[in-house]
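Peer 1: This is the structure, below, for whatever I ask next.
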Ligand SMILES: [Zn+2]
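Chains as they are written, first to last, in the numbering used here: chain A, 1 to 199; chain B, 200 to 603.
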């Protein structure tokens with residue numbers, strides 16, 4: 001027999017698929033939803049649907065966006081001579097928060113990891129090189145995560161980029177930051193950008 | 200630092216608590232009664248890991264869901280309560296009742312163990328010797344642990360990549376990727392090589408000082424030599440350049456092999472007694488003494504770095520060590536560090552009872568021996584039940600082989 005009526009069990013199972021949600025949290029969320037008033041749950045459903053319908057990835061930089069090209073790529077005020085490369089769209093948010101960086105972005109959607117079966121072909125690397133063919137880029141900042149996968153990705157890209165003649169830099173991340181940009185605050189990120197070095 | 204008290208529940212067969220003296224503490228008793236379990240409990244309380252198993256949850260006694268160790272430590276005049284709670288899939292650490300992360304918990308009670316399991320450092324695979332040095336480096340530079348863990352991650356990733364490349368029809372497609380991983384391997388590998396070599400040099404200095412081996416055991420002079428895989432291939436003092444050069448040279452070979460062939464994960468340590476490899480030429484007694492000298496050298500480095508003595512555990516002190524060497528070892532340690540010793544021989548407990556606190560271990564309980572130097576209270580029923588273990592190992596005492 002199921003612990004709860006079938007619809008509740010189903011909801012718990014679906015919530016458990018979300019990253020970082022274990023059984024207990026899923027149960028807590030499910031009961032919250034169960035008790036919440038109808039308008040609130042409908043807003044949640046709507047938000048989920050909207051995200052799935054309207055969010056696409058930018059054809060230039062692969063950032064998530066609701067217009068193509070995205071607001072960074074189409075903003076004339078941004079410095080088109082610099083491209084900063086990140087692994088995930090949420091890393092871009094961390095950089096934006098510093099209000100220091102005024103260039104463009106490129107989102108790889110991952111990092112090299114042979115163990116997880118991720119090679120260069122699984123990452124958005126090809127359209128980075130397409131951009132470099134048409135745009136006049138002077139510097140590429142590699143802001144992949146400071147963990148082993150992010151480092152390998154940065155090293156791999158720099159090997160391919162350097163022969164093209166532009167300046168290739170890596171953000172300076174200290175050990176205390178840990179292994180994911182997600183956890184870096186604005187001050188750390190500001191320093192990491194300011195102290196970037198050629199690789 | 201000293202441990203004044205420990206209490207165990209659900210930990211192997213241990214029952215109740217024990218209170219300790221600041222000097223030498225001896226647990227004796229028949230086999231399988233729990234002598235070593237008491238030492239293990241002290242080790243787990245301090246280091247949150249066991250020296251007998253890689254899975255500390257294996258210490259949970261049969262039928263229990265979790266095990267709890269509570270201890271009290273004293274450093275100068277500062278008392279602290281430490282607590283380790285181990286369950287099937289979790290480990291909780293508390294200092295003075297407050298939950299702490301492992302990084303903040305470690306260091307409250309640093310425990311070194313000298314055990315027979317450790318003989319694998321002498322007799323076992325190179326990886327055992329690498330682990331021995333790495334433990335030492337980590338105790339000096341905790342960040343080294345992070346370097347090791349990153350190095351291992353990179354090796355795993357590179358191995359997977361090489362395996363894939365070796366099966367491919369166009370392996371040269373993978374060269375750029377392999378080189379990208381090598382870039383990190385060079386930095387991390389050089390940090391590991393240099394860290395280990397420096398530490399081995401420090402050990403050698405301590406071993407040379409006062410001619411330790413001869414001074415303690417009246418015998419061999421112990422020396423170490425860190426043996427890098429890249430030795431003889433170029434200037435080892437500029438390891439990262441040499442490593443880079445070798446990796447470039449052997450890129451194709453590594454891809455063909457399908458796994459990484461180069462790096463400090465292939466290095467070794469030579470342990471020499473009077474300039475001869477002790478693993479090959481030493482007797483069992485010489486090997487154990489050599490190991491003890493290494494252990495003591497590690498303790499000495501620790502003591503001079505932190506200006507404080509760690510807690511020492513010597514498991515099964517009479518194994519492969521004759522009476523003279525036991526005496527030499529205990530005299531060396533005496534007055535320097537709080538020490539816990541386990542033995543199955545009543546005679547050893549008797550011989551040191553004036554200089555030590557002695558505990559008779561019976562079915563997991565540690566019962567204070569009334570005759571011991573601490574003069575603790577003695578439950579009288581244990582007095583009688585102890586009689587029959589008294590004779591067990593004593594006659595053997597005279598016959599223990601001395602090392603040739
Ligand atoms: Zn864009």
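Backbone N, C-alpha and C fix where the C-beta goes; we use that ideal spot for every residue, glycine too.
1. Quick one: residues in its chain with C-beta nearer than 8 Å to the C-beta of residue 543 of chain B, no 5 flanking neighbours on either side, listed in chain order?
2. Is residue 187 of chain A helix, strand or coil by DSSP?
3. Residue 158 of chain A bridges to which residues according to DSSP?
4. Please report the straight-line C-alpha distance between residue 184 of chain A and residue 168 of chain A, rounded to a whole angstrom.
5. Just how far apart, CA to CA, sit residue 108 of chain A and residue 85 of chain A?
6. Between the segment 109-121 of chain A and chain B, which residues of the former have a C-beta closer than 8 Å to a C-beta of the latter?
7. How is the beta strand (DSSP E) around residue 60 of chain A delimited, first residue to last?
8. Using a Cβ-Cβ cut-off of less than 8 Å, list which residues of the segment 336-353 of chain B approach chain A; keep chain order.
9. On a Cα-Cα basis, can you pick out the residue from B:392, B:348, B:548 that is closest to residue 426 of chain B?
10. Counting C-beta neighbours from all protein chains within 10 Å, is the total for residue 65 of chain A 16 or more, i.e. buried, or is it exposed?
11. As a quick exercise: from B:538, B:465, B:381, B:314, pick the residue whose alpha carbon is nearest that of residue 326 of chain B.
12. Please name the residue in B:406, B:404, B:399, B:460 whose C-alpha comes closest to that of residue 429 of chain B.
13. Should residue 114 of chain A be labelled buried (16 or more other beta-carbon atoms within 10 Å of its own) or exposed?
14. For residue 368 of chain B and chain A, any beta-carbon pair shorter than 8 Å?
15. Since residue 490 of chain B and residue 255 of chain B are thought to touch, with beta carbons under 8 Å apart, how far apart are those beta carbons, to the nearest angstrom?
16. Can you name the residues of chain D whose CB is closer than 7 Å to the CB of residue 290 of chain B?
17. Measuring only the C-alpha atoms, how far is residue 141 of chain A from residue 152 of chain A?
18. Can we count residue 146 of chain A as close to ligand 1, meaning its CB is less than 7 Å from some heavy atom?
19. Closer than 9 Å, Cβ to Cβ, to anything on chain B: give me those residues from the segment 138-152 of chain A, in chain order.
20. Any heavy atom of ligand 1 closer than 7 Å to the CB of residue 58 of chain A?
21. Please list, in chain order, the residues of the segment 375-398 of chain B that have any C-beta partner in chain A closer than 7 Å.
22. For residue 551 of chain B, which of helix, strand or coil comes out of DSSP?
23. Work out the CA separation of residue 388 of chain B and residue 380 of chain B for me, nearest whole Å.
24. Classify residue 145 of chain A as buried or exposed, calling it buried when 16 or more other Cβ atoms lie within 10 Å of its own Cβ.
25. Just checking residue 91 of chain A against ligand 1 - is the residue's beta carbon closer than 7 Å to any of the ligand's heavy atoms?
26. Taking the alpha carbon of residue 89 of chain A as the point to measure from, which residue in A:72, A:79, A:36, A:100 has its own alpha carbon closest?
27. For residue 24 of chain A, decide whether its Cβ has a neighbour in chain B, counting only Cβ atoms nearer than 8 Å.
28. Around the Cβ of residue 154 of chain A, are there at least 16 other Cβ atoms within 10 angstroms (buried) or fewer (exposed)?
29. Which whole runs of the alpha helix (DSSP H) in the segment 7-61 of chain A are 4 residues long or more, in chain order?
30. Check whether the Cβ of residue 63 of chain A sits closer than 7 Å to any heavy atom of ligand 1, and report yes or no.
31. For chain B, check one thing: does any of its Cβ atoms lie closer than 8 Å to the Cβ of residue 198 of chain A?
32. Can you give the Cα-Cα distance for residue 204 of chain B and residue 565 of chain B, rounded to whole angstroms?
33. For residue 216 of chain B, does the three-state DSSP call read helix, strand or coil?
34. Any beta carbon of chain A sitting closer than 8 Å to that of residue 359 of chain B?
35. Counting pairs of Cβ atoms below 8 Å between the segment 365-378 of chain B and the segment 396-403 of chain B, do you hit three or more?
36. Excluding the 5 residues flanking residue 580 of chain B on each side, which residues of the same chain have their C-beta closer than 8 Å to its C-beta?
Peer 2: On the basis of the coordinates in this document:
1. Same-chain partners within the cutoff: 227, 228, 229, 230, 234, 515, 517, 591, 592.
2. In the structure shown, residue 187 of chain A sits in a helix (DSSP, three-state: H, G or I).
3. Looking at the DSSP assignment, residue 158 of chain A forms no beta bridge with any residue, so it has no partner.
4. Distance between the alpha carbons of residue 184 of chain A and residue 168 of chain A is about 22 Å.
5. Residue 108 of chain A and residue 85 of chain A have their C-alpha atoms roughly 7 Å apart.
6. Flagged, chain order: 112, 113, 114, 115, 119, 120.
7. It is not in any beta strand (DSSP E) - residue 60 of chain A carries neither H nor E in the DSSP assignment.
8. Cβ contacts with chain A come from 342, 345, 349, 352, 353.
9. Ranking B:392, B:348, B:548 by Cα distance to residue 426 of chain B puts B:392 first.
10. It is buried - the Cβ of residue 65 of chain A has at least 16 other Cβ atoms within 10 Å.
11. Measuring from the Cα of residue 326 of chain B, the nearest candidate turns out to be B:465.
12. Considering only B:406, B:404, B:399, B:460, the residue with the shortest C-alpha distance to residue 429 of chain B is B:460.
13. With 16 or more other Cβ atoms from the protein chains shown falling within 10 Å of its own Cβ, residue 114 of chain A counts as buried.
14. For residue 368 of chain B, the answer is no, since every Cβ of chain A falls outside 8 Å of its Cβ.
15. In fact, because the Cβ distance is near 24 Å, the residues do not count as touching under 8 Å.
16. In summary, chain D is missing from the structure at hand, where the protein chains are A and B.
17. Rounded to the nearest angstrom, the gap between the Cα atoms of residue 141 of chain A and residue 152 of chain A is 15 Å.
18. False, no ligand heavy atom lies under 7 Å from that Cβ.
19. Taking 9 Å as the Cβ-Cβ cut-off against chain B, the residues of the segment 138-152 of chain A that qualify are 147, 148, 149, 151, 152.
20. At a cut-off of 7 Å, the beta-carbon of residue 58 of chain A counts as near ligand 1: some heavy atom of the ligand is closer than that.
21. Contacts with chain A (Cβ-Cβ distance below 7 Å) from the segment 375-398 of chain B involve 375, 376, 378, 379, 380, 382, 383, listed in chain order.
22. When secondary structure is reduced to three states using DSSP, residue 551 of chain B falls in the coil class, being assigned neither helix nor strand.
23. Straight across, the Cα-Cα distance linking residue 380 of chain B with residue 388 of chain B is about 12 Å.
24. By the neighbour-count definition (other C-beta atoms within 10 Å, threshold 16), residue 145 of chain A is a buried residue.
25. Look at residue 91 of chain A: its beta carbon is at least 7 Å from all of the heavy atoms in ligand 1.
26. Of all alpha-carbon atoms in A:72, A:79, A:36, A:100, the one lying nearest the alpha-carbon of residue 89 of chain A is that of A:72.
27. Not closer than 8 Å to any Cβ of chain B, the Cβ of residue 24 of chain A fails to qualify, so no.
28. Around the C-beta of residue 154 of chain A, 16 or more other C-beta atoms lie within 10 Å, and the residue is accordingly described as buried.
29. With a minimum length of 4 residues, the continuous alpha helix (DSSP H) runs that stay inside the segment 7-61 of chain A are 23-35, 38-54.
30. A heavy atom of ligand 1 is found nearer than 7 Å to the CB of residue 63 of chain A.
31. Using a Cβ-Cβ cut-off of 8 Å, residue 198 of chain A does not count as an interface residue toward chain B, since no Cβ of chain B sits closer than that to its own.
32. For residue 204 of chain B and residue 565 of chain B, the distance between alpha carbons rounds to 12 Å.
33. Correct three-state label for residue 216 of chain B: strand.
34. It does; some Cβ of chain A falls within 8 Å.
35. Taking 8 Å as the limit for Cβ pairs, the verdict is that the segment 396-403 of chain B does not touch the segment 365-378 of chain B.
36. Note that residue 580 of chain B has pLDDT 44, beneath the 50 cutoff, so the model's placement of it is unreliable and the number below is only indicative. Hits under 8 Å: none found.
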